[in-house]
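>
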Amino acid sequence: MGLLGQYLANGMMLGTMYALVAVGFTLFFGVLDVIKFSHGDVLMLGSFTGFTAYLGVLAVGIVNPWLTLVAILVVSITTTAALGAVIARYLVLPLKSAPPLNILLITLMLGTALREAVRLFYPDGSNPKAFPALLPTASVDLGGFALRADSAILMAAGIAVIIGLNLLINRTRLGLAIRAVAQDEETAKIMGINYTMIVLLTFGIGSGAAAFAGIMNGLYYNEINFGMGLLLGLIGFSAAIIGGLGNIYGAILGGFLFAGLQTVGAVALPFASAYKDVFAFGVVIALMAWKPTGLIAERSSDRV
Numbered sequence: 032m033g034l035l036g037q038y039l040a041n042g043m044m045l046g047t048m049y050a051l052v053a054v055g056f057t058l059f060f061g062v063l064d065v066i067k068f069s070h071g072d073v074l075m076l077g078s079f080t081g082f083t084a085y086l087g088v089l090a091v092g093i094v095n096p097w098l099t100l101v102a103i104l105v106v107s108i109t110t111t112a113a114l115g116a117v118i119a120r121y122l123v124l125p126l127k128s129a130p131p132l133n134i135l136l137i138t139l140m141l142g143t144a145l146r147e148a149v150r151l152f153y154p155d156g157s158n159p160k161a162f163p164a165l166l167p168t169a170s171v172d173l174g175g176f177a178l179r180a181d182s183a184i185l186m187a188a189g190i191a192v193i194i195g196l197n198l199l200i201n202r203t204r205l206g207l208a209i210r211a212v213a214q215d216e217e218t219a220k221i222m223g224i225n226y227t228m229i230v231l232l233t234f235g236i237g238s239g240a241a242a243f244a245g246i247m248n249g250l251y252y253n254e255i256n257f258g259m260g261l262l263l264g265l266i267g268f269s270a271a272i273i274g275g276l277g278n279i280y281g282a283i284l285g286g287f288l289f290a291g292l293q294t295v296g297a298v299a300l301p302f303a304s305a306y307k308d309v310f311a312f313g314v315v316i317a318l319m320a321w322k323p324t325g326l327i328a329e330r331s332s333d334r335v
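Adding 31 to a residue's 1-based position in the sequence shown gives its number in our numbering.
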């Protein structure tokens with residue numbers, strides 16, 4: 032039971048990170064009917080931006096871990112949100128009327144450019160970086176398994192961000208404008224909604240959420256590297272697809288479902304660490320073949 036509880040806690044932690052990444056894909060598709068394949072690499076850049084902020088905080092002599100963590104989050108989220116808005120303004124919006132494959136290709140190339148830029152130009156960027164352990168490491172024994180304080184804090188913070196995003200989309204004027212643009216762009220413009228601003232804000236929100244997930248990943252594993260966005264981006268996209276692309280609840284469900292599949296694979300399969308991703312992606316492929324619109328389908332589109 033203790034081991035089962037440990038796997039459950041790990042699955043919840045991973046599911047929170049995957050859901051945050053998947054929500055970004057859902058927001059991009061919902062508002063502009065595009066898939067931003069550089070999303071995982073934007074997450075990676077957010078992690079490296081946070082790591083750079085940590086080095087800067089150390090350089091000025093701040094040693095309080097909570098102040099350091101706040102500085103890391105503020106710098107990482109704001110910088111990455113601004114990058115997301117810039118990508119939307121200068122790469123995605125100009126290609127809005129172009130064939131869908133053009134946007135797919137340009138965002139894929141952008142992700143490669145970001146990844147290689149970090150590898151080549153960040154100091155010693157080709158090697159993993161030891162991300163600081165800023166959260167308490169005490170643990171509580173619960174029926175045979177130890178619940179670490181840092182894992183509980185990260186999980187609670189991630190869930191709080193997911194709830195906050197849900198409230199933002201469904202309970203605020205900005206969320207109403209985002210949903211109006213997603214439902215009918217032309218009618219939203221006629222009603223006086225600033226379409227370009229809503230798109231930029233949506234891309235900023237989605238990219239900021241990815242940066243938060245990247246910081247969570249760094250704090251959880253105490254390591255970041257220039258290639259971390261590849262797998263996280265693929266998992267986030269898969270979670271958004273299996274949940275129902277265009278539906279924020281589907282993205283959240285897909286993130287936790289994918290983490291659950293990885294956890295089951297780690298428990299049930301031999302050589303678990305090697306095959307858990309293969310098992311999870313295999314089940315996702317089967318589910319997509321069975322239900323192509325996703326588990327919670329909201330809208331359909333012929334955009335890629």
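Note that the Cβ used here is the ideal one computed from N, Cα and C, for glycine as well.
1. Measuring alpha carbon to alpha carbon, tell me which residue in G260, V298, A317, F310 is nearest A53.
2. With a 10 Å radius around its C-beta and 16 neighbouring C-beta atoms as the bar for buried, classify N23 as buried or exposed.
3. For I255, which residues does DSSP report across the bridge?
4. Do the segment 292-300 and the segment 105-119 touch if we need at least three Cβ pairs shorter than 8 Å?
5. Could you check if T227 is buried or exposed, using at least 16 other CB atoms within 10 Å of its CB as the buried criterion?
6. Considering only C-alpha positions, which residue in the set G223, L166, E217, R120 is nearest to N253?
7. Tell me whether T47 is buried or exposed, calling it buried when 16 or more other Cβ atoms sit within 10 Å of its Cβ.
8. Between P125, N225, N248, which lies nearest to I184 when the distance is taken from Cα to Cα?
9. Pair every Cβ in the segment 65-77 with every Cβ in the segment 138-150, then say whether three or more of these pairs are closer than 8 Å.
10. Could you tell me which residues DSSP puts in a beta bridge with R150?
11. For A84 versus I108, is the C-beta spacing smaller than 8 Å?
12. Whether or not the segment 263-270 and the segment 283-293 are in contact is what I'm after, with contact meaning three or more pairs of Cβ atoms, one per stretch, closer than 8 Å; do they touch?
13. Am I right that L51 and G189 are in contact with their C-beta atoms under 8 Å? What's the rounded C-beta distance?
14. Nearest to D64 by CA position, among M43, A240, P130, is which residue?
15. Excluding the 5 residues flanking A211 on each side, which residues of the same chain have their C-beta closer than 8 Å to its C-beta?
16. Going by beta carbon distance, what residues of the same chain come within less than 8 Å of R146, once the five residues before and after it are set aside?
17. Counting only the same chain and skipping the five closest in sequence on each side, list residues whose C-beta sits under 8 Å from that of I193.
18. For A290, which residues from the same chain have a beta carbon less than 6 Å from its beta carbon, with the 5 sequence-adjacent residues on both sides left out?
19. According to DSSP, is S69 helix, strand or coil?
20. Secondary structure at S332, three-state DSSP: helix, strand or coil?
21. Would you call Q214 buried or exposed, if buried means 16 or more other Cβ atoms sit within 10 Å of its Cβ?
22. If you draw a straight line from the C-alpha of V309 to the C-alpha of A242, how long is it?
23. Can you tell me the Cβ-Cβ gap for L326 and G281, rounded? I've got them flagged as a contact below 8 Å.
24. Should A169 and A180 be called a contact, given that it needs their Cβ atoms to be closer than 8 Å?
25. From which residue to which residue does the alpha helix (DSSP H) around L122 run?
To lay it out plainly:
1. Counting from one through the sequence shown, the residue named residue 53 turns up at place 22. Of G260, V298, A317, F310, the residue nearest in Cα terms is G260.
2. With the chain covering only 32 through 335, there is no way to say anything about residue 23.
3. Against the sequence shown, residue 255 aligns to sequence position 224. Bridge pairing for I255: K160 [DSSP].
4. no
5. Residue numbering aside, residue 227 sits at position 196 when the sequence shown is read from its first letter. It is exposed - the Cβ of T227 has fewer than 16 other Cβ atoms within 10 Å.
6. Here residue 253 refers to the residue found at position 222 of the sequence shown. Ranking the options by Cα distance to N253, first place goes to L166.
7. Here residue 47 is taken as the residue at index 16 of the sequence shown, counted from 1. Buried.
8. Here the question's residue 184 lines up with position 153 in the sequence shown. Answer by Cα proximity: N248.
9. yes
10. Residue mapping note: residue 150 aligns to position 119 of the sequence shown, counting from 1. DSSP, once it has assigned bridges, lists no residue as partnering R150.
11. As a working note, residue 84 is residue 53 in the sequence shown. As a working note, residue 108 is residue 77 in the sequence shown. Cβ atoms of A84 and I108: not closer than 8 Å.
12. yes
13. Your numbering for residue 51 matches position 20 in the sequence shown. Your numbering for residue 189 matches position 158 in the sequence shown. Rounded, the Cβ-Cβ distance is 6 Å, consistent with contact.
14. Counting from one through the sequence shown, the residue named residue 64 turns up at place 33. Comparing Cα-Cα distances from D64 to each of M43, A240, P130, the minimum goes to P130.
15. As a working note, residue 211 is residue 180 in the sequence shown. Cβ within range, chain order: T218, A219, M222, I224.
16. Looking up residue 146 in the sequence shown gives position 115. Excluding residues within five positions, the ones whose Cβ falls inside 8 Å are D72, M75, F257, G258, G260, L261.
17. As a first step, residue 193 is located in the sequence shown; it is residue number 162 there, counting from the start. In its chain, beyond the 5 residues on either side, T47, A50, L51, V54, I283 have a beta carbon closer than 8 Å to the beta carbon of I193.
18. Taking the sequence shown and counting its residues from 1, one reaches residue 290 at position 259. G42, L45, G46, Y49.
19. Locating residue 69 in the sequence shown gives position 38, counting from the first residue. In this structure, S69 counts as coil in the three-state DSSP scheme.
20. Start at 1 with the first residue of the sequence shown, and residue 332 comes out as number 301. At S332 the pLDDT is 44, less than 50, meaning the model places this residue with poor confidence and gives no usable figure here.
21. Working through the sequence shown from its first residue, we reach residue 214 at position 183. Looking at its Cβ environment, which holds fewer than 16 other Cβ atoms inside 10 Å, Q214 is exposed.
22. Position 278 of the sequence shown, counting from 1, holds the residue named residue 309. Position 211 of the sequence shown, counting from 1, holds the residue named residue 242. Those two C-alpha atoms are separated by around 26 Å.
23. Here residue 326 is taken as the residue at index 295 of the sequence shown, counted from 1. Here residue 281 is taken as the residue at index 250 of the sequence shown, counted from 1. Correct: roughly 6 Å between the Cβ atoms.
24. Against the sequence shown, residue 169 aligns to sequence position 138. Against the sequence shown, residue 180 aligns to sequence position 149. Yes.
25. Within the sequence shown, residue 122 is the residue found at index 91, counting from 1. L122 -> no alpha helix (DSSP H), and no H or E assigned at all.
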